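K.L.:
Attaching a single structure in structure tokens format; questions to follow.
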Ligand SMILES: [Zn+2]
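Residue numbers (the numbering used here): 74 to 343.
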């Protein structure tokens, strides 16, 4: 099969080979036997990765997949007709189909019936405009403005809570993500009070929270607190390229945080 010749690092790849030595795969098999659904609910067909290659990776790793399609202003899916064309193209594959809602305008761009053709909907709070009117994409260092760390965090938490209150989503992904400049202070900035606000909003609005394998977030402290409050979790990668990986951080958190099969999100359809 096609090998990812461009991969420079010794990371697990979306290709064969990793399967023989990767200890996470034995763990996945064990967890499935114990009744866990091992699903990566946040995969993308990026970097030229095809649905067939994704399914091959699924077979090799034992991980089931939810494939997410970006929908919103400036993305491939912008209205009901592009949404339905995408749905028809992929609906027969044995994967969950996810709508990744982008920007805050999406709520008014698609009909409810068409949104419902997806198995679930998620978004994150990585794109927002601060009080001074500066639009930020938190993963782009040159677009991030932090005048005061504490104030930035308070604004971020308010954005997350607002998304959970106002947008009809099933999952909140890339949770607790901080821009590069703040990441070294993750534990200090994500105070108990801030974590609790996010957790309370998730509980009130019945929204599950992603354990993200790529960014290794949220922290074990957050996950334990959220579990105690009754929050459900999903596992997700949010791959930026054709490397799907094997959910290592999320799998590790199952043990670290004593997550049980019923602590996990399940799409209502299928
Ligand atoms: Zn994504």
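Each residue gets a CB set at the ideal place from its N, CA and C atoms; glycine is no exception. Nothing here was measured: the structure is a model prediction, and the numbers come from that model.
From which residue to which residue does the alpha helix (DSSP H) around residue 283 run?
P.N.:
Note, residue 283: premise wrong, no alpha helix (DSSP H); beta strand (DSSP E) at 281-285.
K.L.:
Could you tell me whether any non-hydrogen atom of ligand 1 is closer than 6 angstroms to the CB of residue 311?
P.N.:
Yes, the Cβ of residue 311 comes within 6 angstroms of a heavy atom of ligand 1.
K.L.:
Please classify residue 85: does DSSP put it in a helix, a strand, or coil?
P.N.:
Any reading at residue 85 must be qualified, since the residue scores a pLDDT of 45, below 50, and its modelled position is unreliable; no value is offered.
K.L.:
When every heavy atom of ligand 1 is checked, does at least one fall within less than 6 angstroms of the C-beta of residue 173?
P.N.:
yes
K.L.:
Which whole runs of the beta strand (DSSP E) in the stretch 238-310 are 3 residues long or more, in chain order?
P.N.:
281-285 and 306-309
K.L.:
Look at the Cβ atom of residue 113, then the Cβ atom of residue 310, and state whether they are nearer than 7 angstroms.
P.N.:
yes
K.L.:
Rounded to the nearest angstrom, what separates residue 265 and residue 272 at their Cα positions?
P.N.:
10 angstroms
K.L.:
Are the stretch 174-183 and the stretch 129-136 touching, with three or more C-beta to C-beta distances below 8 angstroms?
P.N.:
no
K.L.:
With the cut-off set at 7 angstroms, would you say residue 207 and residue 225 are in Cβ contact?
P.N.:
no
K.L.:
Can you list, in chain order, the stretches of the alpha helix (DSSP H) that have 4 or more residues and sit fully within the stretch 170-234?
P.N.:
185-188
K.L.:
Using alpha carbons as the reference points, say which of 246, 298, 300 and 178 lies closest to residue 171.
P.N.:
246
K.L.:
Once DSSP output is grouped into helix, strand and coil, what is the label at residue 314?
P.N.:
DSSP places residue 314 in coil when its eight states are reduced to three.
K.L.:
Quick check on residue 137: does DSSP put it in helix, strand or coil?
P.N.:
strand
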